[in-house]
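Let me begin by presenting the structure, written as structure tokens, before commenting on it.
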Amino acid sequence: VIDIRKLYGQTGAFTFDPGFTSTASCESAITYIDGDKGVLLHRGYPIEQLAEKSSFMEVAYLLTEGELPSAEELKRFEYTISRHTMVHEQLLQFFRGFRRDAHPMAIMCGVVGALSAFYHDSTDVDDPKQRMIASNRLIAKMPTIAAMAYKYSVGQPFVYPDNSLSYTGNFLKMTFGVPAEPYVVDPVIERAMDRIFILHADHEQNASTSTVRLAGSSGANPFACMAAGIACLWGPAHGGANEAALNMLREIGRPERIPEYIARAKDKDDPFRLMGFGHRVYKNYDPRATVMQQTAKEVLEKLGVSDPVFDVARELEQIALKDEYFVSKKLYPNVDFYSGIILSAIGFPTSMFTVLFALARTVGWVAQWNEMIGDPEQKIGRPRQLYTGAAQRDYVDIAKR
Ligand code: ACO
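In terms of my numbering, the sequence shown is residues 861 to 1261.
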């Protein structure tokens, strides 16, 4: 038996906590979650109120600056963000380097990482002003890059930013507009998208945010750190779940087939899980899922879209909420369960869902990154391990092995 503490010369407590289920990695004043009560607060404000009353730009200001903006502060912030929406013309070459059928998350990962080559000399992370510029650039350029990833994947020409529009209106135009042709932003879609962005803006120390913090803790370039966050978000257990959830709902197809999938999710020998169900922290309900369900209903009604997948989703939720397995394991719909239905009704292909999540979560990533770097006690993140390998032994010459 190896005494790990002696091996590393460590004294004091040593915890072994795979998956960090009960270890706080940092102090943070940005987001509070009470998983048992289904509470999510940003800087103290409930997510339900923010989703109903504020805009994504207001929430971005709140998360990055710490307080809700005054009307004047919001105007200035929106103006600043709109001045940074363009990307360097050379960045277009990076898009063109990808196969046209590349997953847009692969493109996002590469292109956002490539931004570090454009801003390598202006990101002295110890300077708060430089951090703010990097943060504004990231918030502003992410919609441009996301829209370009979409345009590239469907083989259409890129649409340049229109800074006369709102943050979300501009994103919709860059995504669904055509160059040199007028594009009228639908206020229903604009509001729904803005709300989806609000609901995804931050979620304390989730896997991708922790990845951004860990990468950033070495003082790495912030654009490279965001690329690391995007890579982590891509996985189906995290941001990729909304894509997986909609694919699953489409596969189920009809309410009559739900019991078969419920049975599979409960079968220990079947790796299948109900996508969009369960959460590491929420063990009562995910408050974002409630707002998302309502938004899905509104969008489908207002767009006059009748999607049988929405009926399957609601029925599945009802059945699971009464099922002993899901109740005992405290598995409820999470934010991803309904978001795919809305995004699909708006016209996004499933491959873009996680990209939209990344766009919104960028606000949380930069807020958390900035908070970490600005902390005078900040140290490089360096988790320990519980070593289970061979004890010390002598090298054996290759001829004798
Ligand atoms: N369907 C069926 N069973 C499930 C599900 C599910 N969706 N989620 C968890 N379980 C079961 C597990 O099999 C496990 O059972 P056991 O105790 O008998 O072994 C138990 O519930 C606990 O699950 P864990 O995976 O240990 O819980 P953890 O907190 O690590 O995982 C996670 C949370 C990853 C979200 C999980 O619930 C899951 O895989 N859900 C589906 C994917 C998903 O929707 N992800 C989105 C998360 S939200 C977000 O990223 C924005």
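No residue lacks a Cβ here, since even glycine has one placed at the ideal position from N, Cα and C.
#1: Classify Tyr-939 as buried or exposed, calling it buried when 16 or more other Cβ atoms lie within 10 Å of its own Cβ.
#2: Considering Cα atoms alone, identify which of Gln-1154, Cys-1092 and Pro-1193 is closest to Ala-1052.
#3: Please list, in chain order, all residues of the same chain as Ser-942 whose beta carbon is under 6 Å from its beta carbon, the five residues on each side excluded.
#4: Thinking C-beta only, is Gly-898 closer than 8 Å to Pro-1147?
#5: Where do the N-terminal and C-terminal ends of the beta strand (DSSP E) with Val-899 fall, by residue?
#6: Taking 7 Å as the cut-off, is the C-beta of Asp-1196 nearer than that to any heavy atom in ligand 1?
#7: With a cut-off of 8 Å, do at least 3 Cβ pairs link the stretch 1112-1126 to the stretch 1171-1190?
#8: When the Cα of Ile-1233 is compared with those of Tyr-905, His-980, Asp-1167 and Arg-991, which residue comes out closest?
#9: With a CB to CB cut of under 7 Å and the five nearest residues on each side skipped, what residues in its chain are close to Asp-1130?
#10: Within 7 Å: the Cβ of Ala-1173 and any heavy atom of ligand 1?
#11: Per DSSP, Ile-1201 forms a beta bridge with which residues?
#12: Report the three-state DSSP secondary structure of Phe-1137 (helix, strand or coil).
#13: I need the straight-line Cα distance from Leu-1201 to Arg-1221, nearest angstrom please.
#14: From the DSSP output, which residues share a beta bridge with Thr-891?
#15: Contact check, Ser-1211 vs Glu-1103 under 8 Å by CB: the rounded distance?
#16: With a threshold of 7 Å, establish whether the CB of His-902 neighbours any heavy atom of ligand 1.
#17: Is it the case that the CB of Lys-1189 approaches a heavy atom of ligand 2 more closely than 7 Å?
#18: Compute the distance between the beta-carbons of Ser-1078 and Ile-907, then report whether it is under 8 Å.
#19: My output table needs one value for Pro-1193: the three-state DSSP class, helix, strand or coil.
#20: Quick one: is His-980 buried, meaning 16 or more other Cβ sit within 10 Å of its Cβ, or exposed?
#21: Tell me whether Arg-1133, by its Cβ, gets closer than 7 Å to a heavy atom of ligand 1.
#22: May I ask you to report which of helix, strand or coil DSSP gives Ile-1262?
#23: What are the boundary residues of the alpha helix (DSSP H) that Ile-1240 is part of?
#24: Alpha carbons only, please: which of Met-1135, Gly-1037, Arg-959 and Ile-967 is nearest the one belonging to Ala-1091?
#25: Can you round the beta-carbon distance between Ala-1101 and Asp-1196 to whole angstroms, since I take them to be within the 8 Å contact cut?
#26: Quick one: measure Cβ to Cβ for Phe-1208 and Leu-1216, integer angstroms, because I've assumed they're closer than 8 Å.
#27: Among Thr-1028, Phe-1170, Cys-886 and Asp-877, which residue has its Cα nearest to the Cα of Glu-1237?
#28: Assuming Lys-1033 contacts Val-1014 (C-beta within less than 8 Å), just tell me the rounded distance between them.
#29: Take the Cβ of Thr-983 as the centre, count every other Cβ of all protein chains shown within 10 Å, and call the residue buried at 16 or more, exposed below.
#30: Have a look at His-944 and Asn-996 and give me their C-alpha separation to the nearest angstrom.
#31: Following the continuous alpha helix (DSSP H) through Asn-1030, name the residue where it begins and the one where it ends.
This is what the structure gives:
#1: exposed
#2: Gln-1154
#3: Asn-1023
#4: yes
#5: 899-902
#6: yes
#7: yes
#8: Arg-991
#9: Arg-1124
#10: no
#11: None, per the DSSP bridge assignment.
#12: strand
#13: Checking the sequence shown, residue 1201 turns out to be Ile, not Leu. Answer to the nearest angstrom: the Cα atoms are 19 Å apart.
#14: His-902
#15: 7 Å
#16: no
#17: Within the structure as shown, ligand 2 is missing, the only ligands being ligand 1.
#18: no
#19: strand
#20: exposed
#21: yes
#22: With the chain represented from 861 up to 1261, any question about residue 1262 goes unanswered, as that position is not in the structure.
#23: From DSSP, Ile-1240 is part of no alpha helix (DSSP H); its letter is neither H nor E.
#24: Ile-967
#25: 4 Å
#26: 7 Å
#27: Cys-886
#28: Their Cβ separation, rounded to whole angstroms, is 15 Å, which puts Lys-1033 and Val-1014 out of contact at 8 Å.
#29: buried
#30: 7 Å
#31: 1027-1036
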